[in-house]
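Student: So that you can map any letter, position 240 of the sequence shown is 299 in the numbering used here, and since no number is skipped, the others follow by simple counting.
Please see the structure below; I have some questions.
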Amino acid sequence: MKVVLCCTAVLLLIGCNANEVVIDGKLQQTGNYSAQIQPIFDRNCGGSSCHGGGPQGFAGGLDLTSHDGLMRGSRYGTVVVAGQPFMSHLIQSINPSDTTLSPISSVQMPAGRSPLVRSEIETIARWIRDGARNDAGELPFSEPRPLGKVFFTSQSVDLVGVLDRYTNLIMRYTSVGRSLPFTGVPESPHNVQIDNQGRYYYVTMIRGGKLRKYDAITHQLVGEASVPTSPAHVVLTNDGQKAYVTDFDASPTATGQIYAVNTATMSVIKTIRAGVFMKATHGARLSQDGRYLYAASNATDFLHVIRTDVDSVVLNIPLANDVPPIGSFVHRPYQVAVRNDDQFIYTALNGTGRISIIRRNGDTFSLYSDSIRVGNGPLQCEVTRNGRYLYVCNRGSGSVSVIDAQANLFLTTISSVGQQPHGIDISDDSHTVFVTCENVQASEPPHHPVAGSTTPGFLAIIDVASQSVVRRIEVGGFAAGVCVWPGKGN
């Protein structure tokens, strides 16, 4: 890939440092961009052949002549993440050696010129840490965003990121567990969901045994609930007053369970069990009418139908014709999706590369099909809001399968999505699909290798009209959960 040898290069999103601060969203009386930051760029990065906007334009598509130009990023993506100098590629490219400040890019800037002095680097880093504000004291990406936002987890680096849908730039990264750089194991944020009201988002810490609640605008921690042992997915009721959290613990002594959590008090109000039929629950979805919660047990091959008014299991349904009465560990169901009319419930069978379909008729449920084949190791799946398509992430194939959800027939495969597609969500208008790719085996390196970094994950954007990937964005490592807002927090 082409390397732009100028002041800044491409998006490398790594982690979060120990000096992370919570940004105060209140308007400051004045900013200091023009007085303190712009002169540094003018001295070091300006000129017609670089980022000053000469006859050949801005090198790499990056305009360093103004605050607005800088915040538009480069042709490769985000350059500055407000509040996160460690995550900002601008700092990575001008930082020559201090891995406590940021990872070090293999391409150092400004190219062909003297490096910035330490005081200049620290001034820029401090400005980013304080919110990367303009002269009026305003934060980048004023709320509300025109097209909404995409929340995603980076499991290996304990981060939740937020993508602005209007620009496809990273707005924020929030440390939800350990702060980078760290030497121990992460708490591993696995799934993220934002409520329908857009006020709070919830994060499951699959290693930490916690459900954490954050303000969706300030990104401040509001509360947490203890949900041992391995909280995987969280779904929210339409009013946002209750959350359901699955437990992916598959150890020999594990007792399968799902937690019902009061989101106002962040306390467990009921632990839902189904005896031997339930173990290692992972995927879960609410019915569109809110009457039922559907959850799949990865270690028993059953789908559990739970009445939400009493939070009790009313039915355990085998997800394939060959599942014995006491269950099995063959198909390994992972995630559940529900069609918009509530007639069909889809479950991705990770162990056998198929989709199981349960048909609902009022309060009656039956196995409709277990024969639709998709790629290897399917994980998450989701139906478009208009009920037309079911999309399935095939972790083992690096692809996404598309099912005609009206005919319940395989339609096509979208290839070259990325390494280990994991999570999926779809815009409320049914036009755009967002897929997280773990990339845990480092099959895809960052654009510029860096010292002191971790392997990046990716966020792939699929256009529904063309059924093709239209953009791939580097994000923090082991990208897993993803949630689009506006949309249902389910």
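Where is the CB? At the ideal position from N, CA and C, for every residue including glycine.
1) For my contact list, Thr495 and Ile520 are in at a C-beta cut-off of 8 Å; report their separation, rounded to the angstrom.
2) By how many angstroms is the C-alpha of Ala466 removed from the C-alpha of Gly111?
3) Which first and last residues belong to the alpha helix (DSSP H) in which Glu179 is found?
4) CB-CB under 8 Å to Phe403, same chain, minus the five flanking residues each way: which ones, in chain order?
5) Among Phe469, Phe424, Ser326 and Ile414, whose alpha-carbon lies nearest the alpha-carbon of Ile365?
6) Output the distance between the C-alpha atoms of Trp544 and Thr277, rounded to the nearest integer angstrom.
7) So for Tyr325, helix, strand or coil by DSSP?
8) Here's the rule I'm using: 16 or more other beta-carbon atoms within 10 Å means buried, otherwise exposed. How should Arg535 be labelled?
9) Do three or more CB pairs link the stretch 156-172 to the stretch 195-205 at distances below 8 Å?
10) Report yes if the C-beta distance between Gly546 and Glu533 is below 9 Å; otherwise report no.
11) Could you spell out the range, first to last residue, of the beta strand (DSSP E) harbouring Asp274?
12) Where in the stretch 429-481 do unbroken runs of the beta strand (DSSP E), each at least 3 residues long, occur, reported from the N-terminal end onward?
13) For Val138, which residues from the same chain have a beta carbon less than 6 Å from its beta carbon, with the 5 sequence-adjacent residues on both sides left out?
14) Check whether the stretch 280-288 touches the stretch 239-256, counting contact only when three or more Cβ pairs, one atom from each stretch, lie closer than 8 Å.
15) Out of Val140, Ala141, Ile180 and Met146, state which residue places its alpha-carbon closest to the alpha-carbon of Pro155.
16) Could you give the residue range of the beta strand (DSSP E) that holds Gly282?
17) Report buried or exposed for Pro144, applying the criterion of at least 16 other Cβ atoms within 10 angstroms of its Cβ.
18) Please report the residue range of the beta strand (DSSP E) in which Leu295 lies.
19) What residue range is occupied by the uninterrupted beta strand (DSSP E) comprising Asp522?
Tutor: In short:
1) By 1-based counting over the sequence shown, the position of residue 495 is 436. By 1-based counting over the sequence shown, the position of residue 520 is 461. Going by Cβ atoms, the distance from Thr495 to Ile520 rounds to 11 Å, so no, they are not a contact pair.
2) As a first step, residue 111 is located in the sequence shown; it is residue number 52 there, counting from the start. As a first step, residue 466 is located in the sequence shown; it is residue number 407 there, counting from the start. Each residue's Cα considered, the two are about 55 Å apart.
3) Residue numbering aside, residue 179 sits at position 120 when the sequence shown is read from its first letter. First-last of the alpha helix (DSSP H) with Glu179: Arg177 to Arg188.
4) Translated into positions along the sequence shown, residue 403 becomes position 344. Excluding sequence neighbours, Phe403 sits near Val397, Ile416, Ile417, Arg418, Arg419, Tyr427, Ala464 and Asn467.
5) Taking the sequence shown and counting its residues from 1, the one referred to as residue 365 is at position 306. It is Phe424 whose Cα lies nearest to the Cα of Ile365.
6) Sequence index remark: in the sequence shown, residue 544 carries index 485 (1-based). Sequence index remark: in the sequence shown, residue 277 carries index 218 (1-based). A straight-line Cα-Cα distance of about 16 Å links Trp544 and Thr277.
7) Here the question's residue 325 lines up with position 266 in the sequence shown. At residue 325 the sequence reads Met, which differs from the Tyr that was named. Met325: coil per DSSP, three-state reduction.
8) Within the sequence shown, the letter at position 476 stands for residue 535. Note that residue 535 corresponds to Gly in the displayed sequence, not to Arg. By the 16-neighbour rule on beta-carbons within 10 angstroms, Gly535 is buried.
9) Between the stretch 156-172 and the stretch 195-205 there are fewer than three inter-stretch CB-CB distances shorter than 8 Å, so the stretches are not counted as touching.
10) Here residue 546 refers to the residue found at position 487 of the sequence shown. Here residue 533 refers to the residue found at position 474 of the sequence shown. Contact flag unset, no.
11) Residue mapping note: residue 274 aligns to position 215 of the sequence shown, counting from 1. Asp274 -> beta strand (DSSP E) spans Lys269 to Asp274.
12) 437-442, 448-453, 458-463 and 468-473
13) Indexing the sequence shown from 1 puts residue 138 at position 79. Same-chain partners within the cutoff: Thr67, Gly132, His148 and Leu149.
14) no
15) The sequence position of residue 155 within the sequence shown is 96, counting from 1. Among Val140, Ala141, Ile180 and Met146, the Cα nearest to that of Pro155 belongs to Ile180.
16) Within the sequence shown, residue 282 is the residue found at index 223, counting from 1. Here the beta strand (DSSP E) through Gly282 covers Leu280 to Ser285.
17) Along the sequence shown, read from residue 1 onward, the residue named residue 144 stands at position 85. Flag for Pro144 reads buried.
18) Residue numbering aside, residue 295 sits at position 236 when the sequence shown is read from its first letter. It spans Pro290 to Leu295 - the beta strand (DSSP E) in which Leu295 sits, taken as one unbroken run.
19) Counting from 1 along the sequence shown, the entry for residue 522 is found at position 463. Gly516 to Asp522 is the extent of the beta strand (DSSP E) around Asp522.
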